[in-house]
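Okay, structure first, notes after.
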Amino acid sequence: MTELHPTLARVTERIIAKSKDSRAAYLSLIEREIENRPDRSQVSCSNLAHAFAGAQEDQEALKTNAGPNIGVVTAYNDMLSAHQPYGRYPERLKIYAREVGATAQVAGGTPAMCDGVTQGETGMELSLFSRDAIAMATGVALSHAMYDGMLLLGICDKIVPGLLIGALRFGHLPAVFVPSGPMPSGISNSQKQKTRQLYAEGRATRAELLESELGSYHSPGTCTFYGTANSNQMMMELMGLHIPGSAFIQPGTKLRQALDRAAVHRVTAMTADGNDFRPLGHCVDEKAIVNAMVGLLATGGSTNHAIHIPAFARAAGVQVDWTDLSELSSAVPLLARVYPNGSGDVNHFHDAGGMGFVIRELVDAGLAHGDVMGVGQERGMAEYGREPGLEEDRLVWRDVGPSGDDTMLKPAGDPFQPDGGMRLVEGNLGRACFKSSAVKKDRWTVEAPCRVFHTQKAVVDAFKAGELDRDVVVVVRFQGPRANGMPELHSLTPPLAVLQDRGYRVALVTDGRMSGASGKVPAAIHVSPEALGGGPLSLLQDGDIVKVCAETGELSTTADLSTRQPADDPGAEMGTGRELFAMFRQLADEAEKGGSAMLATAGL
Ligand SMILES: O=C(O)[C@H](O)[C@@H](O)[C@H](O)[C@H](O)COP(=O)(O)O
Ligand code: SF4
1 MTELHPTLAR
11 VTERIIAKSK
21 DSRAAYLSLI
31 EREIENRPDR
41 SQVSCSNLAH
51 AFAGAQEDQE
61 ALKTNAGPNI
71 GVVTAYNDML
81 SAHQPYGRYP
91 ERLKIYAREV
101 GATAQVAGGT
111 PAMCDGVTQG
121 ETGMELSLFS
131 RDAIAMATGV
141 ALSHAMYDGM
151 LLLGICDKIV
161 PGLLIGALRF
171 GHLPAVFVPS
181 GPMPSGISNS
191 QKQKTRQLYA
201 EGRATRAELL
211 ESELGSYHSP
221 GTCTFYGTAN
231 SNQMMMELMG
241 LHIPGSAFIQ
251 PGTKLRQALD
261 RAAVHRVTAM
271 TADGNDFRPL
281 GHCVDEKAIV
291 NAMVGLLATG
301 GSTNHAIHIP
311 AFARAAGVQV
321 DWTDLSELSS
331 AVPLLARVYP
341 NGSGDVNHFH
351 DAGGMGFVIR
361 ELVDAGLAHG
371 DVMGVGQERG
381 MAEYGREPGL
391 EEDRLVWRDV
401 GPSGDDTMLK
411 PAGDPFQPDG
421 GMRLVEGNLG
431 RACFKSSAVK
441 KDRWTVEAPC
451 RVFHTQKAVV
461 DAFKAGELDR
471 DVVVVVRFQG
481 PRANGMPELH
491 SLTPPLAVLQ
501 DRGYRVALVT
511 DGRMSGASGK
521 VPAAIHVSPE
531 ALGGGPLSLL
541 QDGDIVKVCA
551 ETGELSTTAD
561 LSTRQPADDP
571 GAEMGTGREL
581 FAMFRQLADE
591 AEKGGSAMLA
601 TAGL
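Once you know that position 536 of the sequence shown is 536 in the UniProt record's numbering, the rest is easy, because the numbers rise by one and skip nothing.
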């Protein structure tokens, strides 16, 4: 194996150094929790009776403390196609637990929002903060203190980060994430995009658009674009929090079932009473967090993780920022092109070699830490660099071999790009993220007069009125965490893509987010500081020249902002439950720190 890449070593050392105190505080919390772990034989009989009353056939085993008791935290609902399979999981997981002398109980459920359903709607303003609500719900579930380990059932955008944040605060327990897998591939992504752009131009009917969308999203399982949900799966592999190779095995298959069963058996084997104790807080250390960032860059993952990684890192006492991400991006090559960064989807990616190929290439090239603890049978990342299969119904892991499709997957020695899929752009307008893997290089620099908007709808109306048919930097402000919950503005992709296809130089600049599935149009997103409270975006006026340049890392205006007054705050809206999240908005810290009121007020 090659020596660790010097940039990876340097960034890791810097993160360890700046996290020294917060990581030490976190580890001593875990030690205290391990020492004070409730001995259930000493817990009041009333507490125990309440805990076991609903356990039916497991009641005797629980009463006699026969074996480890595993808490299942599930984000099941029917609204997310990715989470719909989880409805049938609890009874199966209990059976698998009994097979190894353990028990499992559903500790609790968490909310789960489908960003695909709320995209472009007011519900999207609850999306980012739903992550913190999920973390809190995870804490409520595990607070029963009746568990020796945890199984975390969640896939989508805010759910895995939320589950991880919550579970890390119970990091004295071992944990395994249990994915449900991607739905089979539907119509091609280029076909989907074509119908969308035709509809945006008024050249396709709504019925034709719906037919096309249903051709893409058609059955239980995760949507197959490489957005935030599937970026979550990639990160869980790079952090070693899945059974190796679980990420992209489809629901309802024998292999999926075998991996789910292995997850239950593994978490049971890693409890404090076993001989392979692996508390989650020890698995998730600085190196695991660096591996998550490396995986994001090497696979062109979702920009949303520029916000979620700093957040869940803080939950483990680790401090990371966009400078760390940007420096890693300069050294980590782009090894995968999965839609929207390419044409194939995660099923094609998996068939071409998938996560096993990516992890093997990164670790062998010294571009990822191979000594992350993980939850695999062996410690370390070796198993994660292979792929799972069944031999006479027995789970085996095989070498992955070379890429099965070099239009999707390339080796570290011959990457698509020598550097990663995400760049930091900064200047007198603030700091922002730019997803370079999803934008053609001739679009990495756009300098044009800006048009300033306060809502997505105003942009679409201006587009329909033909007001944007020119070189233009579209600025959408007051979309930050404290303004309106930092929604994704993915509905802007089709109209801006139409302008770009008409030959105009177009870019988006916003303190809001984009979907992990957004691509094609150059965008400087998550601008920090946000407009609300006088951030530079609030000083811009129509016609100011704005430059976005991913080559030089620039986000600036030639306008003299020193003489400007901030635009008025459009004010927070009521309805769709947004008022319930007012305290999250008022207390949220900036995107670069994770956009979390919960972590900010917890002093983490
Ligand atoms: O970050 C993400 O990955 C997105 O939020 C994704 O979860 C969302 O559902 C997209 O909107 C789907 O893409 P389409 O809207 O293009 O189908
Ligand atoms: S991947 Fe996105 S659109 Fe698909 S189910 Fe998950 S949240 Fe919804």
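Positions of the beta carbon are idealized from the N, C-alpha and C atoms, including for glycine.
task: Report yes if the CB atom of V160 is closer than 7 Å to the CB atom of G166, and no otherwise.
output: As a first step, residue 160 must be located in the sequence shown, where it is residue number 160. As a first step, residue 166 must be located in the sequence shown, where it is residue number 166. No; because the gap between Cβ atoms is not below 7 Å, this pair is not in contact.
query: Out of A107, A597, S562 and T74, which has the shortest C-alpha to C-alpha gap to C156?
result: Looking up residue 156 in the sequence shown gives position 156. Of A107, A597, S562 and T74, the residue nearest in Cα terms is T74.
query: Which residue from A315, R203 and P244 puts its Cα closest to that of V284?
result: Here residue 284 corresponds to residue number 284 of the sequence shown, with the count starting at 1. The candidate whose alpha carbon is nearest that of V284 is A315.
query: Is there at least one non-hydrogen atom of ligand 2 closer than 6 Å to the beta-carbon of A269?
result: Your numbering for residue 269 matches position 269 in the sequence shown. Every heavy atom of ligand 2 is 6 Å or more from the Cβ of A269, so no.
query: Can you check whether the CB of G389 is closer than 7 Å to the CB of R398?
result: Reading the sequence shown from its first residue, position 398 is the one you call residue 398. Reading the sequence shown from its first residue, position 389 is the one you call residue 389. Closer than 7 Å, so yes.
query: Looking only at C-alpha atoms, which of N77, P111, A523 and I70 sits nearest to L93?
result: Counting from one through the sequence shown, the residue named residue 93 turns up at place 93. Comparing Cα positions, the closest option is I70.
- prompt: Excluding five sequence neighbours on each side, which residues of the same chain lie with their C-beta closer than 6 Å to the C-beta of M113?
  reply: The residue labelled residue 113 in the question sits at position 113 within the sequence shown. Closer than 6 Å at Cβ, skipping near neighbours: S127 and S130.
query: Would you say V400 and E383 are within 7 Å of each other, going by their C-beta atoms?
result: Translated into positions along the sequence shown, residue 400 becomes position 400. Translated into positions along the sequence shown, residue 383 becomes position 383. No.
task: Note the first and the last residue of the continuous beta strand (DSSP E) segment covering G109.
output: Here residue 109 refers to the residue found at position 109 of the sequence shown. Where G109 is concerned, the enclosing beta strand (DSSP E) stretches over T103 to G109.
query: Leaving out the 5 sequence neighbours to the left and right, which residues in its chain are closer than 7 Å to residue 606 when beta-carbon positions are compared?
result: As displayed, the chain neither begins before 1 nor continues past 604, which places residue 606 out of reach and without an answer.
message: Below 6 Å, is the gap between the Cβ of L128 and the nearest heavy atom of ligand 2?
response: Against the sequence shown, residue 128 aligns to sequence position 128. Result no, Cβ not under 6 Å from ligand 2.
query: Using a Cβ-Cβ cut-off of 7 Å (strictly less than) and excluding sequence neighbours within five positions of K63, which residues of its own chain qualify?
result: Numbered from its first residue, the sequence shown carries residue 63 at position 63. Excluding positions up to five away in sequence, the list reads F52.
message: Pop quiz: G503 and G421 are said to be a contact at Cβ under 8 Å. What is the actual Cβ separation, rounded to whole angstroms?
response: Within the sequence shown, numbered from 1, the residue matching residue 503 stands at position 503. Within the sequence shown, numbered from 1, the residue matching residue 421 stands at position 421. At roughly 26 Å, the Cβ-Cβ gap does not stay under 8 Å, so G503 and G421 are not in contact.
- prompt: Residue range of the alpha helix (DSSP H) that A523 falls in?
  reply: If you number the sequence shown from 1, residue 523 lands on position 523. From DSSP, A523 is part of no alpha helix (DSSP H) but of the beta strand (DSSP E) over A523 to S528.
task: Go ahead and pull the three-state DSSP assignment for G389.
output: Here residue 389 corresponds to residue number 389 of the sequence shown, with the count starting at 1. Note: G389 maps to strand in three-state DSSP.
- request: State the start and end residues of the unbroken alpha helix (DSSP H) segment that holds N484.
  value: Counting from one through the sequence shown, the residue named residue 484 turns up at place 484. Looking at the DSSP string, the run of the alpha helix (DSSP H) that includes N484 is P481 to N484.
query: For residue 643, which of helix, strand or coil comes out of DSSP?
result: This structure cannot speak to residue 643, because the chain is shown only from 1 to 604.
task: Only counting runs of 4 or more residues, tell me where the alpha helix (DSSP H) segments fall wholly within the region 25-59, in order along the chain.
output: 45-52
- request: Would you check whether ligand 2 has a heavy atom nearer than 6 Å to the C-beta of G366?
  value: By 1-based counting over the sequence shown, the position of residue 366 is 366. G366: no, Cβ never under 6 Å from ligand 2.
- prompt: What three-state label does DSSP hand R477 in the structure shown?
  reply: For the purposes of this step, residue 477 is taken as residue 477 along the sequence shown, with counting starting at 1. DSSP places R477 in coil when its eight states are reduced to three.
message: Would you say the beta carbon of S180 is closer than 6 Å to some non-hydrogen atom of ligand 2?
response: For the purposes of this step, residue 180 is taken as residue 180 along the sequence shown, with counting starting at 1. Checking the Cβ of S180 against ligand 2 gives no.
message: Classify T303: buried if its beta carbon has 16 or more other beta carbons within 10 angstroms, exposed otherwise.
response: Taking the first residue of the sequence shown as position 1, residue 303 is located at position 303. Buried is the call here.
- prompt: What residues in its chain sit with their C-beta under 7 Å from that of I525, if we drop five residues either side in the sequence?
  reply: The count along the sequence shown starts at 1 and reaches residue 525 at position 525. The residues are T303, A432, C433, T510, G512, R513 and M514.
field: Of the residues V178, I187, R266 and V338, the one placed nearest L297, counting alpha carbons only
entry: By 1-based counting over the sequence shown, the position of residue 297 is 297. Ranking V178, I187, R266 and V338 by Cα distance to L297 puts V338 first.
message: Is it the case that the region 173-186 contacts the region 243-260, given that we only count it when at least three CB pairs across the two stretches are under 8 Å?
response: yes
query: With burial defined as no fewer than 16 other Cβ atoms inside 10 Å of the residue's Cβ, what is the status of D324: buried or exposed?
result: Residue mapping note: residue 324 aligns to position 324 of the sequence shown, counting from 1. So D324 counts as buried.
task: Return yes when at least one heavy atom of ligand 2 lies under 6 Å from the C-beta of D285, else no.
output: Counting from 1 along the sequence shown, the entry for residue 285 is found at position 285. Incorrect: D285 has no Cβ contact closer than 6 Å to ligand 2.
query: Exposed or buried, Q105, counting other C-beta atoms within 10 Å across all chains shown (16 or more means buried)?
result: For the purposes of this step, residue 105 is taken as the residue at position 105 of the sequence shown. Counting Cβ neighbours within 10 Å, Q105 comes out buried, since at least 16 surround it.
query: Which residue's Cα is closest to the Cα of N484: A602, A288, G595 and P566?
result: Counting from one through the sequence shown, the residue named residue 484 turns up at place 484. Closest option to N484, Cα to Cα, is G595.
- request: Round the Cβ separation of P529 and E590 to the nearest angstrom and send it over; I've been treating them as touching at under 8 Å.
  value: Looking up residue 529 in the sequence shown gives position 529. Looking up residue 590 in the sequence shown gives position 590. Indeed they touch by this definition, with Cβ atoms about 6 Å apart.
message: On the criterion of 16 or more Cβ atoms from any shown chain inside 10 Å, does N291 qualify as buried, or is it exposed?
response: Stepping through the sequence shown from its first residue, residue 291 is reached at position 291. The residue in question, N291, is buried, as its Cβ has 16 or more Cβ neighbours within 10 Å.
field: Opposing strand residues paired with I70 [DSSP bridges]
entry: Sequence index remark: in the sequence shown, residue 70 carries index 70 (1-based). Beta-bridge pairing links I70 to A104 and G149.
query: In three-state terms, what does DSSP make of I545?
result: For the purposes of this step, residue 545 is taken as residue 545 along the sequence shown, with counting starting at 1. I545 falls in the strand class under three-state DSSP.
- prompt: By how many angstroms is the C-alpha of N428 removed from the C-alpha of L561?
  reply: Translated into positions along the sequence shown, residue 561 becomes position 561. Translated into positions along the sequence shown, residue 428 becomes position 428. Taking the straight line joining both Cα atoms gives about 9 Å.
- prompt: From what residue to what residue does the beta strand (DSSP E) around S556 run?
  reply: The residue you call residue 556 lines up with position 556 of the sequence shown. Where S556 is concerned, the enclosing beta strand (DSSP E) stretches over E554 to T557.
task: Report the residue from S41, A517 and K287 whose alpha carbon sits nearest the alpha carbon of A438.
output: Along the sequence shown, read from residue 1 onward, the residue named residue 438 stands at position 438. It is A517.
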